[in-house]
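Take a look at the structure set out below.
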Amino acid sequence: MQVILQEDYASLGFVGDLVKVKDGFARNYLFPQKIALPANKNNIKLLEHRKKVLNVKKAQKKTVAEEFKAKIDKVKIKVVHAAGSNGKLFGSVTVSDIYEELQKANVELDRKLIKLEAPIKQVGEYKVDVKLHQEVTAQFSVEVEANQDKKAVKAPKKADKKDVKAAAPEASEATTDSSATAESSEKTEKQDDTTQE
Numbered sequence: 158m159q160v161i162l163q164e165d166y167a168s169l170g171f172v173g174d175l176v177k178v179k180d181g182f183a184r185n186y187l188f189p190q191k192i193a194l195p196a197n198k199n200n201i202k203l204l205e206h207r208k209k210v211l212n213v214k215k216a217q218k219k220t221v222a223e224e225f226k227a228k229i230d231k232v233k234i235k236v237v238h239a240a241g242s243n244g245k246l247f248g249s250v251t252v253s254d255i256y257e258e259l260q261k262a263n264v265e266l267d268r269k270l271i272k273l274e275a276p277i278k279q280v281g282e283y284k285v286d287v288k289l290h291q292e293v294t295a296q297f298s299v300e301v302e303a304n305q306d307k308k309a310v311k312a313p314k315k316a317d318k319k320d321v322k323a324a325a326p327e328a329s330e331a332t333t334d335s336s337a338t339a340e341s342s343e344k345t346e347k348q349d350d351t352t353q354e
């Protein structure tokens with residue numbers, strides 16, 4: 158079945174596009190949600206009129222998107238993440254991490270527009286796409302760095318555990334010595350008691 162999209166729909170197309178979909182999908186989802194209309198003669202005539210209006214709106218949206226693209230292309234953010242000595246990240250950098258850093262840099266952007274093919278799993282510099290318009294895609298730089306602070310924090314913790322383990326035998330020796338002293342004093346008291354009788 159052919160339908161005319163009334164809204165942009167990511168997997169199908171944009172407003173005013175004539176697309177072919179399965180009958181059930183159209184009747185059960187697209188029509189009730191008012192995302193699309195059936196492609197009949199009346200709707201096609203209506204589409205032609207709407208296309209003229211939409212072309213003007215699309216041109217305006219494209220101009221705005223191109224202006225925004227010029228700003229986004231200059232953006233460079235830094236994401237600090239825990240990593241091993243070989244540069245491989247513990248975990249990965251995802252769209253959520255990138256979105257948080259963009260907000261910290263005061264870049265207002267819809268999270269859904271950020272296109273990351275796969276999560277970033279290695280330290281380095283990456284280009285991330287932002288789909289602003291069907292004809293305009295911006296790119297900004299993301300520099301992923303290893304978190305040095307976490308390594309510094311982890312090292313003393315291990316040293317502290319060793320110090321605790323080293324102190325533990327000394328403490329057990331001290332308790333052993335004190336218990337041995339206590340036992341010897343008890344024996345001398347018993348001997349004194351038996352000699353007095």
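Counting in my numbering, the sequence shown runs from 158 upward without gaps. Glycine included, each C-beta is placed from N, C-alpha and C at the ideal position. A quick note: this is a predicted structure, and the numbers were derived from the prediction, not measured.
Member of the options whose CA lies at the smallest distance from the CA of residue i
i, options, result
"residue 179", "172, 171 and 188", "188"
"residue 292", "223, 250 and 173", "223"
"residue 247", "270, 237 and 256", "237"
"residue 160", "217, 177 and 186", "177"
Whether residue i touches residue j by CB criterion (9 Å)
i, j, result
"residue 183", "residue 193", "yes"
"residue 234", "residue 302", "no"
"residue 255", "residue 280", "no"
"residue 231", "residue 297", "yes"
"residue 295", "residue 219", "no"
Start-to-end residues for the alpha helix (DSSP H) that takes in residue i
i, result
"residue 201", "198-229"
For residue j and residue i, believed in contact at Cβ under 8 Å, the rounded distance
i, j, result
"residue 266", "residue 259", "6 Å"
"residue 249", "residue 278", "5 Å"
Buried/exposed call for residue i, threshold 16 Cβ in 10 Å
i, result
"residue 312", "Note that residue 312 has pLDDT 43, beneath the 50 cutoff, so the model's placement of it is unreliable and no number is given."
"residue 326", "Model confidence at residue 326 stands at a pLDDT of 46, short of 50, so the residue's coordinates are unreliable; what they give is reported in the following sentence. Answer is exposed; the Cβ neighbour count stays below 16."
Range of the contiguous beta strand (DSSP E) that encloses residue i
i, result
"residue 249", "245-250"
"residue 283", "281-290"
"residue 177", "175-177"
"residue 300", "293-303"
"residue 273", "No beta strand (DSSP E) holds residue 273; DSSP gives it neither H nor E."
"residue 262", "Taken as a continuous stretch (DSSP letters only), residue 262 belongs to no beta strand (DSSP E), as it is neither H nor E."
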